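The sequence shown begins at 63 in the working numbering and counts up one residue at a time.
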Amino acid sequence: MSGKIYRSLRSLIQRPALERDLDEEVRFHMEMEIAQHVRDGMSPEAARLTATRDFGGVQQIKESCRDSRGTRWLEALWQDIRFGMRQARRAGFAIAAITVLALGIGANTAIFSAVHGVLLRPLPYEHGDRLVVLEQQDPDAGISNIGFSPKDLDDYRRFTASLDAIVEYHPMWFVLLGGERPSRVQTGVVSWDFFDVFGIEPVLGRAFLASEDSHDADAVLILSHEYWQAEFGGDPDIVGREFEMNDRPHTVVGVLPRIPQHPQSNDVYMPVSHCPFRSAPATVDDRNARAVLAFGRLGDGESIETVNADLGRAAASLHDVYPDSYPGPDGFTTLAIPLQERMTGSVRPTLILLLVTTGLVLLIACANVANLMLARSIRREREMAVRAAMGADRGRLVRQLIVESMLLTMTGGALGLLLAVGGTDLLATFASRFTPRAMDIALDGWVLLFTLAVSILTGVFLGLLPAIPTRHAMFDSLKDGFGSVTTTVRTERAKNGLVIAQVAISFVLLIAAGLMVRSLIQLNRVDPGFDSENVLTMRLDLNFSEFMDADANREFFRALMENVRRAPGVMSAAVSGTFPLNEIGPGSAQFVIEGQATEDQRVWPWVDFVAVSPDYFRTVGVPLIAGRDFTPRDTAGSDLVAIINESMVRHHWRDENPIGARMSPDGEEWFEIVGVVGDVKQESLTGAIEDQLYVPVYQSAPLSTTVLVRTLSEPGAVERVIEDIVYAIAPSQPVDNPRTLEQVRSDEILPSRVTAMLISLFAGLSVLITAGGIAGVVALTVSQRTHEIGIRAALGASAGEVLWMVMRQGLGLILIGLVIGVAASLVLASAMAALLFEVEPTDPLTFLGVGVTLLAVALAACFLPARRAANIDPMSALRTD
């Protein structure tokens, strides 16, 4: 077979030389035949005539010889391609068709690159398909993952045979010294075999060793690829370099490859034995010190169901042995969830919605181009009839149409691929807010194959759609003459059906866009409870090794606030444990109100708490409703005080005044409520207002804090001033991550804004394509009915009557499309409910607005060709018959 293909290709490449040889061979045999007849006594003229008759048709003989080479199909295909290219160059519709297809295919390519990179591509770990996330849940308290203690993990390692490994992880931050300036590094504290279980091989150096799982071993670090590039410029000699952290030298032993990090990105990694908090006896020996996350690897041949059954038995056993640590009727529930699912769950609905949206855009594009090709096929009806009369069979004609459409779709696909390059970068930035797998979004081989497949399938569909008339119908068209354009009932139905489909799909896309825009508007209207204008935030995590003493912390905060408040352009300043809409949310704890105590602490209500300094509420713009703010006198030596929000007052005091009441997290330490402030959206704009408790920063002295500054003008102007103040007080203390509250609020809305923008863009594109398709179909109808319109006008029909006649045909198709679109939109809108905020999926205002808008655009598209029909001169129309 390969030899035959080789000979066929060689014959095709050497065709000119083979044709010359064939001509010479035919000529040689003809001359030999003529010479024989001359020797037999014939005259030269009679000999040539007889030889020609005996020899047969020269062209038929040549065709038979060419068939023996096995290249006829390639030659015919090449002829079709050349003919199709000439047709495309002459056809004005080619530019429009290629543009529409490029937009449709390009949008699908960009979205598919995100779907493939995030949802379909295997995890970039050696054992990615076997990795799971372990979650220990407290059903009675409604907590989905309370974490694990070291003792929990020891027991689960012993009791769960279907997992061949369980490793731990928890995030910390530390101050890294030894670079150009102090650096706060996000640190992943992991089991020594963490990277071995994941199957991750460092690009430089090595992974952790079992011998390093000891507090007495030399402290070591592994750098993430991103941190290595950003902070050290990809220094190939970084392995072996020493830095100081937590008053200990730490040696870099490896650099990770560029991989997605879950559950968050870290700058460096260290073994659990080197973390001063994780390795402390108080943590190691306390079964209730649940502060770490756990990952597992399925054993060979084990299923997720088997693992969950094992975990269930282990959890039940722990409840029986340690009922105080696993309270409730049945204790805790422990589940294994595939890592792939956990890493992509939050972005999956959005990507699937975008993929469906772009798929609908491509369908509209195909319908539009199909209508163009149907119109073109009607005009080429007689061309097809002539070719059929000359011997072309139906298959040959179909192949020609497919080749012509393939030229359009392949060109459109190539242009769409170029358009997808910029779209892919935008989608990667968008997806990075939801999943670490955003780094895998790229135009790789699979995406290119997808684009090629879409282009080919679209080309075949468009090539087959224009109906090839029967041979009888083609011969009838030859008898009709060349002056008129005809169409069949089947073609007319196809054109109308495509218009209806375009209108229906456009309606669906506009509904999706309208709901997302309405949701975005509602999101922008949310009162976050604070004033974000001209407020700068900067992360200030105190160095553990320098600020372990609470009194030192308080003195640092006091000195910092005194200096910052005196800085030029500063209206007010504060320090807090966190701030509204920050990715680091407030802490949470159970509490009891004095006089309402119950013995069962598990039924105590929960409250979010934040440590703040005086002037925090004025700086952030949270109103003080009752009582007083914190003052510098609220220190460790004074009575414990707290400020609560209005939500907490409504839930626990109703119409009573809470000022002066006391509450406690443990029944021993009591906080007096001295003030009430407004409600604040702490964790998200879409979330409910939680009960919130504020305590003085000078009484709690947290290590992880944020500096907040309200300025008279542009907040960025004081960034450097604050850095200099911090370094002047504590030279080894970093302050970083400057952001304004306005940026934070904008980032909170960004995913919804980008989703609404993309869907609106695709919906707008679909409407433009649909309007063009409607205008094209109506224009074709006008050209087909020119003679009829001329007769109507000659018989007295007014321009308005002709206009309405044409508009009525388009209006009927539009209304049918709208009815179908409404029904389809109700299904899609229900599936979008999880993505909407304070907007019902069947929002009547959105449906009405979209219906009116699409109807107006469609009628405008009908009006242009209808007006041309109304202006047709009867005499000119009749002369065209």
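Just so it is clear, CB atoms sit at the ideal spot from N, CA and C, and this is done for glycine as well.
On a predicted model such as this, the values are computed, not experimentally measured, just so you know.
(request) Identify, in the order they occur along the chain, each residue of the same chain with its Cβ nearer than 6 Å to the Cβ of T548, setting aside the five sequence neighbours on each side. (result) Reliability of the predicted coordinates at T548 is poor, the pLDDT of 48 falling under 50, and no value is obtained from them.
(message) Suppose the cutoff is 6 Å on Cβ atoms and the five residues either side in sequence are ignored; what does the same chain contact list for H336 look like?
(response) Closer than 6 Å at the Cβ level, and outside the excluded window around H336, lie A281.
(request) Check the C-beta distance from S775 over to G683 and give it rounded, since I have them as a contact under 8 Å. (result) Actually they do not touch by this definition, with Cβ atoms about 17 Å apart.
(request) Look at the alpha carbon of D603 and the alpha carbon of L510, and state the distance between them as a whole number of angstroms. (result) D603 and L510 have their C-alpha atoms roughly 46 Å apart.
(request) Use the C-beta contact count for E810: other C-beta atoms within 10 angstroms, 16 or more gives buried, fewer gives exposed. (result) Result: buried.
(request) Please report how far the alpha carbon of A704 lies from the alpha carbon of G639, in whole angstroms. (result) Distance between the alpha carbons of A704 and G639 is about 15 Å.
(message) Restricting to Cα atoms, I'd like to know which of L830, L898, G166 is closest to T473.
(response) Distances from the CA of T473 to each of L830, L898, G166 were compared; the closest alpha carbon is that of G166.
(message) Assuming R601 and N799 are in contact, meaning their beta carbons sit under 8 Å apart, how far apart are those beta carbons, in whole angstroms?
(response) Going by Cβ atoms, the distance from R601 to N799 rounds to 4 Å, so yes, they are a contact pair.
(message) With the cut-off set at 8 Å, would you say E274 and W290 are in Cβ contact?
(response) No, Cβ-Cβ distance for E274 and W290 is not below 8 Å.
(message) Tell me which residue opens and which closes the alpha helix (DSSP H) that P212 is part of.
(response) DSSP places P212 inside the alpha helix (DSSP H), whose first and last residues are 212-221.
(message) Buried or exposed for H324, going by 16 or more other Cβ atoms inside 10 Å?
(response) Burial of H324 is indicated by the presence of at least 16 other C-beta atoms within 10 angstroms of its C-beta.
(message) Excluding the 5 residues flanking T904 on each side, which residues of the same chain have their C-beta closer than 7 Å to its C-beta?
(response) These residues qualify, in order along the chain: L888, A891.
(message) I need the straight-line Cα distance from T697 to A621, nearest angstrom please.
(response) Their backbone Cα atoms lie some 15 Å apart in a straight line.
(message) Can you give me the C-alpha to C-alpha distance between A635 and L598, rounded to a whole angstrom?
(response) Their backbone Cα atoms lie some 9 Å apart in a straight line.
(message) Out of D226, P391, A895, S568, which one is the CA nearest neighbour of T832?
(response) The residue from D226, P391, A895, S568 with its alpha-carbon nearest to that of T832 is S568.
(request) May I have a chain-ordered list of the beta strand (DSSP E) segments no shorter than 3 residues that lie completely inside the stretch 622-662? (result) Listed in chain order, they are 632-638, 649-652.
(request) Return the CA-CA distance between N707 and G363, expressed in angstroms with no decimal places. (result) Spanning the two alpha carbons is a distance of roughly 53 Å.
(request) Give the secondary structure of A342 by DSSP, where H, G and I count as helix, E and B as strand, and everything else as coil. (result) Coil, per DSSP.
(request) Can you have a look at P333 and say buried or exposed, based on whether 16 or more other CB atoms are within 10 angstroms of its CB? (result) Here P333 is buried: its Cβ has 16 or more other Cβ atoms, across all protein chains shown, within 10 Å.
(message) Given a cut-off of 8 Å on the beta-carbon distance, is the pair S594 and E804 in contact?
(response) Taking a C-beta distance under 8 Å as the contact criterion, S594 and E804 qualify as a contact pair.
(message) Quick check on DSSP: helix, strand or coil for V956?
(response) Past the boundaries of the shown model lies residue 956; the chain is included only from 63 to 943, so the question cannot be answered.
(message) Starting from D382, trace the alpha helix (DSSP H) in both directions and tell me its first and last residue.
(response) Counting along the chain, the alpha helix (DSSP H) containing D382 begins and ends at 366-383.
(request) Count the other CB atoms, across all protein chains shown, that sit within 10 Å of the CB of V914; report buried if there are 16 or more and exposed otherwise. (result) A residue is called buried once 16 or more other Cβ atoms fall within 10 Å of its Cβ, and V914, having fewer, is exposed.
(message) With distance defined between alpha-carbon atoms, name the residue in Q564, T222, L415 nearest to G361.
(response) That would be T222, whose Cα lies nearest to the Cα of G361.
(message) Suppose the cutoff is 6 Å on Cβ atoms and the five residues either side in sequence are ignored; what does the same chain contact list for R243 look like?
(response) Cβ neighbours of R243 beyond the five flanking positions: none.
(message) Taking DSSP's pairing of strands, which residues face T802 in a bridge?
(response) The partner list for T802 (beta bridge, DSSP) reads L598.
(message) Under DSSP, the beta strand (DSSP E) around Y187 begins and ends at which residues?
(response) From DSSP, Y187 is part of no beta strand (DSSP E); its letter is neither H nor E.
(message) With H, G and I counted as helix, E and B as strand and the rest as coil, what does DSSP make of L489?
(response) Looking at L489 - three-state DSSP - the assignment turns out to be helix.
(request) Mind checking which residues open and close the alpha helix (DSSP H) that includes A704? (result) Counting along the chain, A704 falls outside any alpha helix (DSSP H), though it belongs to the beta strand (DSSP E) covering 703-707.
(message) Below 8 Å on the Cβ atoms is my contact criterion, and I expect L470 with A156 to pass it. Report the Cβ-Cβ distance as a whole number of Å.
(response) Between A156 and L470 the Cβ distance is about 6 Å, and since that is below 8 Å, they are a contact.
(message) Among R268, N170, L225, M307, whose alpha-carbon lies nearest the alpha-carbon of G241?
(response) Residue M307 is the option with its Cα nearest to G241.
(request) Per DSSP, which residues does F236 bridge with? Please list them. (result) In the DSSP assignment, F236 forms a beta bridge with V247.
(request) Determine, using beta carbons only, whether N605 and S794 come nearer to each other than 8 Å. (result) Between N605 and S794, the C-beta spacing is below 8 Å.
(request) Assign P411 to buried or exposed, taking buried as 16 or more other Cβ atoms, counted over all protein chains shown, within 10 Å of its Cβ. (result) Exposed is the call here.
(request) Check E107 in the structure and name its three-state DSSP category. (result) Of the three classes helix, strand and coil, the one that applies to E107 here is helix, per DSSP.
(request) Flag this pair as touching only if the stretch 782-791 and the stretch 641-650 have three or more C-beta atom pairs under 8 Å; answer yes or no. (result) Under the Cβ criterion (8 Å, minimum of three pairs), the stretch 782-791 does not count as touching the stretch 641-650.
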